[in-house]
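Chains as they are written, first to last, in this note's numbering: chain A, 1 to 325; chain B, 1001 to 1444; chain C, 2001 to 2257. Shown next, in structure tokens, is the structure this report addresses.
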């Protein structure tokens, strides 16, 4: 293991530092670059101990890894090892090596002669060309065409022109509502104060146009637009569960036990807290959403199960250019 | 021995004169010059831990039944991606340490970049001849934020799924082409296909790190070419750099900083839990959790998305500007636009096109400092608004009231911050003598 | 027996008392009702009305000494409801317009029993205090249900959250019985879930998960309250950022010569 070797080397380094101190230096033959500096005893010993502590940390990491690899102990041992190493390096930089402050001249960034030469080089190289505009145009055309050829394969990434796919929805008249486990949703199961997440029977659950939130309000509390009369049999309301703002799932249903002293019924998105009013057909009460939650007209079939009575009142999911708000 | 090694190198590369020059490169002594290095070393930790994670992660939405060690999810259908991250966290020895260290490093990476940027901005270090260095740096900040977002979006846990839903909505909100863009990127309407996951995976582990690496190289090359700036002081002139040479003092110190950065990140990674995806559970489009937040460096965007009032101009069957555009696209464009344009703006205002190697103290240039603080305050207000929900839960101040407060504050507080900062600078400094006009005369 | 288990037992006792004592049998139930009436007249009548018929805002609470309040009728408040509001300290409320929040219960178990009996004597009928057996619940199934029905407001690890207009409290102090009661009755603005939606077995799964979520698997270390990026960002800035700036201050200054 390289760790063992490393530990060994650190130990050697520590021992050498301890033992080799005070040995005479070879006489200087050439002019010194750095000032003569003598590291103090205490500093050398301190750095050596820090290195040994780092070694212990590294060894500890190996041991912890072999003995079950508890995350906290792993982090602690390796973290402390590196912290000791950091301390050793910083102390070493301060106390073991000569301290110099140097003044370095910046030198010129501007090279007038070279600038002129480069300009001249470029200019002279094109001097003999007479059909300058033709060549420029041809080169430009080549550049454009090849650029297009380079970019076009990117269109394979996705059906870039098929934005009608964003408007497709499985919710058509007659589609049954099922719960998360695929069981048909009975109208009776949705009492006032309950919310249930529903999906289209026989369609994928995980697309933005799929999940619904189903609730029941007292019929006298409904204030749906006139064209939506009959959409809410027995006060049952179904809305797209996906917020029209940023596509998060609406899993917050505010249902006041006593409306006079509490905020009224609302469907709320937990991402940016867009708040929708189910009684008016999903209008935005608060928050950033720019359009109402799409509502699905409901009907109750002979077996008492909920079915779609038509398409949703608007596009599901977040808005984009082709969405009619 | 040393002589032989140096000789060996020189005979084979002729590089020793360069090495000699490099070893004598002078670093000015000031703590704030280490912030950029901190970001650099965090990047190294990110690459190291990240490579380790790729050895275990599987970028696929393919459904599998979870059969690993974490009991509450046993038997649940999850994606392969999520499964592999759970295995990495529960069954791979040191896997969780690496994952958490990686995630902490991502958070600290952006912290270091932002601190570095603040230093550069408020000391005027972006001025000629360092505009390129500055533009490259701001670009790296943008890439780092994107890189981080893609990283935690790979896992397919509840939070990452909600984040991707929002990202999808933001992309879809681009006027005219939003619908086409999401189909291009996601390959199908949200949640898209496994190809999408492969794409952000390649982006996260290859393209963006490569781009960041290349930009770091350019950034450092430019720094060496122009040499460091320095604060005013005895012997310090526009034409020199005073400080500690790379060898021996600074190299050891800088390596020490590298170890300290790695130590801090590993200690966090081992001791402080981050993004416990097993607790969030897997994502499905119909699931969500309260208080879902992005990582901090996107907190300003969630704040902007939440602050925007319900407004969506539309007519003739088209939605011109879907609401998430304002917070998710326009706002960051304005902020980054400001950062990119500032050197030009300042040059235009001051007419100062001279070289500047000596730094300003923030108080020395009240109008720049005040403008910077105002913009920073603006972003900070939006950022704080993003945490209003948690503040409601902890402190009981109603959410709607907070949102209305911040909707006003984003207009009022930056102005106040501007006036206050300018006043403070003038009080602290030399009476505001260094106005924009006088700055041009500052060349030496 | 751990203290936590006493509350459901008391609740159960209360429910049994109610069931058993429906026909007047002996003096004890009457004493209970009398005690309940006394407490009711003190703390409840101004908002819920002398007959539990409720008070709409701005109408004087008759028989309440001119004190006006507003509160829902109690005619569908069963033992589960009364026990939930009183044992969590949510009632009595100092102002009818504020959200009832968990607090120190004002009444002891016997007094709650008395109030349950009194409200029942007004003709109220509703859910009895549910019987729970969290130990039989399944954490995984509970997590799945919790994600679907609860996490939207209460946060996925039950740390609490909000809807516009109200706080959804964290569930860490709620006893198993109180969790079951709240699921069934839907207090304040919470939806209610009947047995058709969440049956008794599933209710036990849910409670089992909430109990698990109090001390979940925090193998990553210090859990920062399980609410994710906000505290994580604070740690990144204040702990990591702060520590590294300190290191920079130490490293960056020139050593004194």
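Cβ coordinates follow ideal geometry from the N, Cα and C atoms, glycine included. On a predicted model such as this, the values are computed, not experimentally measured, just so you know.
Residues bridged to residue i [DSSP beta-bridge criterion]
{"i": "residue 240/A", "result": "212/A"}
{"i": "residue 1079/B", "result": "1063/B"}
{"i": "residue 184/A", "result": "178/A"}
{"i": "residue 2198/C", "result": "Residue 2198/C is not bridged to any residue."}
{"i": "residue 300/A", "result": "306/A"}
{"i": "residue 2162/C", "result": "2167/C"}
{"i": "residue 1359/B", "result": "1231/B"}
{"i": "residue 1157/B", "result": "1282/B"}
{"i": "residue 80/A", "result": "None, per the DSSP bridge assignment."}
{"i": "residue 198/A", "result": "212/A"}
Assigned exposure category for residue i - 16 Cβ within 10 Å defines buried
{"i": "residue 1054/B", "result": "exposed"}
{"i": "residue 239/A", "result": "buried"}
{"i": "residue 1219/B", "result": "buried"}
{"i": "residue 37/A", "result": "exposed"}
{"i": "residue 1281/B", "result": "buried"}
{"i": "residue 1333/B", "result": "exposed"}
{"i": "residue 2091/C", "result": "buried"}
{"i": "residue 1001/B", "result": "exposed"}
{"i": "residue 1242/B", "result": "buried"}
{"i": "residue 2226/C", "result": "buried"}
{"i": "residue 34/A", "result": "exposed"}
Assigned secondary structure, residue i (DSSP; H/G/I helix, E/B strand, else coil)
{"i": "residue 1099/B", "result": "helix"}
{"i": "residue 1175/B", "result": "coil"}
{"i": "residue 1017/B", "result": "helix"}
{"i": "residue 314/A", "result": "coil"}
{"i": "residue 2026/C", "result": "With a pLDDT of 43 at residue 2026/C, under the threshold of 50, the predicted position of this residue should be treated as unreliable, though the coordinate-derived value follows. Coil."}
{"i": "residue 171/A", "result": "coil"}
{"i": "residue 32/A", "result": "coil"}
{"i": "residue 1274/B", "result": "coil"}
{"i": "residue 2222/C", "result": "strand"}
{"i": "residue 120/A", "result": "helix"}
{"i": "residue 1335/B", "result": "helix"}
Pairwise C-alpha distance: residue j and residue i
{"i": "residue 52/A", "j": "residue 1206/B", "result": "38 Å"}
{"i": "residue 1234/B", "j": "residue 1028/B", "result": "13 Å"}
{"i": "residue 245/A", "j": "residue 2039/C", "result": "49 Å"}
{"i": "residue 229/A", "j": "residue 2180/C", "result": "37 Å"}
{"i": "residue 279/A", "j": "residue 69/A", "result": "56 Å"}
{"i": "residue 194/A", "j": "residue 216/A", "result": "7 Å"}
{"i": "residue 2074/C", "j": "residue 2052/C", "result": "5 Å"}
{"i": "residue 1050/B", "j": "residue 2238/C", "result": "24 Å"}
{"i": "residue 269/A", "j": "residue 2159/C", "result": "18 Å"}
{"i": "residue 170/A", "j": "residue 176/A", "result": "10 Å"}
{"i": "residue 1011/B", "j": "residue 1022/B", "result": "18 Å"}
{"i": "residue 2042/C", "j": "residue 2049/C", "result": "12 Å"}
{"i": "residue 149/A", "j": "residue 142/A", "result": "10 Å"}
{"i": "residue 277/A", "j": "residue 2164/C", "result": "12 Å"}
{"i": "residue 1168/B", "j": "residue 1128/B", "result": "39 Å"}
Listed by chain order, chain A residues near residue i by CB distance under 8 Å
{"i": "residue 1152/B", "result": "Correct list: empty, because the minimum Cβ distance to chain A is about 16 Å."}
{"i": "residue 1190/B", "result": "207, 208, 247 and 317"}
Min CB distance residue i to chain F below 9 Å
{"i": "residue 320/A", "result": "No chain F appears in the structure shown, which is made up of the protein chains A, B and C."}
Listed by chain order, chain C residues near residue i by CB distance under 7 Å
{"i": "residue 1073/B", "result": "2140"}
{"i": "residue 1238/B", "result": "Chain C residues near residue 1238/B: none, gap ~21 Å exceeds 7 Å."}
Neighbour list for residue i in chain B, Cβ cutoff strictly below 8 Å
{"i": "residue 2174/C", "result": "Here the premise fails: no neighbours, minimum Cβ distance about 16 Å."}
Proximal residues of chain B, C-beta to C-beta of residue i below 7 Å
{"i": "residue 2249/C", "result": "1031"}
Amino acids of chain C, ordered along the chain, whose beta-carbon sits closer than 8 Å to that of residue i
{"i": "residue 1038/B", "result": "2244 and 2248"}
Amino acids of chain A, ordered along the chain, whose beta-carbon sits closer than 9 Å to that of residue i
{"i": "residue 1275/B", "result": "Residues of chain A passing the Cβ test: none, with the nearest at roughly 14 Å."}
{"i": "residue 1389/B", "result": "270 and 273"}
{"i": "residue 2088/C", "result": "The premise fails here: residue 2088/C is roughly 14 Å from chain A at the closest Cβ pair, so nothing lies under 9 Å."}
{"i": "residue 1066/B", "result": "Residues of chain A passing the Cβ test: none, with the nearest at roughly 17 Å."}
Residue i: contacting residues in chain C (beta-carbon distance under 9 Å)
{"i": "residue 162/A", "result": "Neighbours of residue 162/A on chain C: none; closest Cβ ~32 Å, over 9 Å."}
{"i": "residue 1082/B", "result": "In chain order: nothing, as chain C lies at least about 14 Å away."}
Residues that residue i contacts on chain B, provided the C-beta gap is smaller than 9 Å
{"i": "residue 93/A", "result": "1244, 1248, 1249, 1250, 1251, 1252, 1253, 1254, 1255 and 1256"}
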